[in-house]
Amino acid sequence: MISMYGSSGKLVVSLIFTFVSVFVLCEYVIYYPVILRCSWPHIETVDSHLPLRALFLSDTHLLGAIKGHWLDKFRREWQMERAFQTSLWLLNPEIVFILGDVFDEGKWSSSQDWEDDVRRFKRIFRHPSHTELVVLIGNHDIGFHNEMTKQKLERFERVFNVTSARILTIKGVNFLLVNSVALHGDHCPICQRVEEELHKLSHALNCSIQYNSVAQLVSKSPTSTQECYDWVKHLSTKVFFFFFLP
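Numbering (the UniProt record's numbering) for the sequence shown: 1 to 246.
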């Protein structure tokens, strides 16, 4: 009788150990060997500047209150959080870009649902102070062009500290960030503001092409060339363009 209970106890312990081991492997450990298959490319530099380590993500589509079942949200967000946090730990990027469609229901969310979505986003994509997180606007965040409103646009910009058109410069690399939902070309108020800002940025970037020879040109045409010089004195000639494409 004692031997029978002893064998049963060992079986139970073995099953529990197996279950816990499988759980830890599938929910924690598995992310490390998978992400370790990725690495930064080796780049030969001609000067003392080190390459910029930038990580790009897109279309996280955090489920909302309308279509998102709590169990589905819990499962997806757990996997997303573990993948992101493991990537930060192993790859140590200097900047992370999320290229739009952060939320699945941002275009429909009430103020309360929006606050809950933002809270969950900040938990999943928490990051150390030495890593910068840049979030772009997608059509699921503020609606397609005909659904986009000033209120939805401003609440996204306020939370993520972004604008619909800007240049971000890091380690001499310029990133042009644009809200493509506002590029419909129908002269809507939001579209007009973005188009006007893009014209200004276009002028700055066109001037940056002349940066190498601007010193010689200043003496010949001080008005136009000095203006270009003022535009590009903080810009390099390397530019990356990032749009969210619905």
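Glycine included, C-beta positions come from ideal geometry on N, C-alpha and C.
Nearest to Glu132 by C-alpha distance, out of Gln151, Phe156, Val162, Gln112, is Val162. In the three-state reduction of the DSSP assignment, Glu147 falls in the coil class, being assigned neither a helical nor a strand state. For Ile95, there is no enclosing alpha helix (DSSP H); the residue is found in the beta strand (DSSP E) stretching over 95–98.
Distance from Ser39 to Leu99 at the Cβ level is roughly 22 Å; contact not present, criterion being Cβ atoms closer than 8 Å. Beyond the five residues adjoining it in sequence on each side, Lys150 comes within less than 8 Å, by CB distance, of Pro189, Ile190 in the same chain, given in chain order. Secondary structure note for Asn139: its alpha helix (DSSP H) is the uninterrupted segment 139–142. Separation of Leu62 and Pro128 (C-alpha to C-alpha, rounded to the nearest whole angstrom) is 21 Å. Less than 8 Å separates the beta-carbon of Leu90 from that of Leu36. Inclusion of Trp114 and Arg155 in the CB contact set at 8 Å is warranted, their separation being smaller than that value. Assignment of Phe103 by DSSP, reduced to helix, strand and coil, places it in the strand class. Under the three-pair Cβ rule at 8 Å, the stretch 68–75 does not count as touching the stretch 10–26.
Taking 4 residues as the minimum length, the alpha helix (DSSP H) runs contained wholly in the stretch 166–210 are 189–209, in order along the chain. Around Val194, the same chain offers Ser164, Ala165, Val178, Asn179, Ala182, Leu183 as residues with beta carbons nearer than 8 Å, after the five sequence neighbours per side are excluded. Tyr31 counts as buried, since no fewer than 16 other beta carbons sit within 10 angstroms of its beta carbon.
The three-state secondary structure of Ala83, taken from DSSP, is helix.
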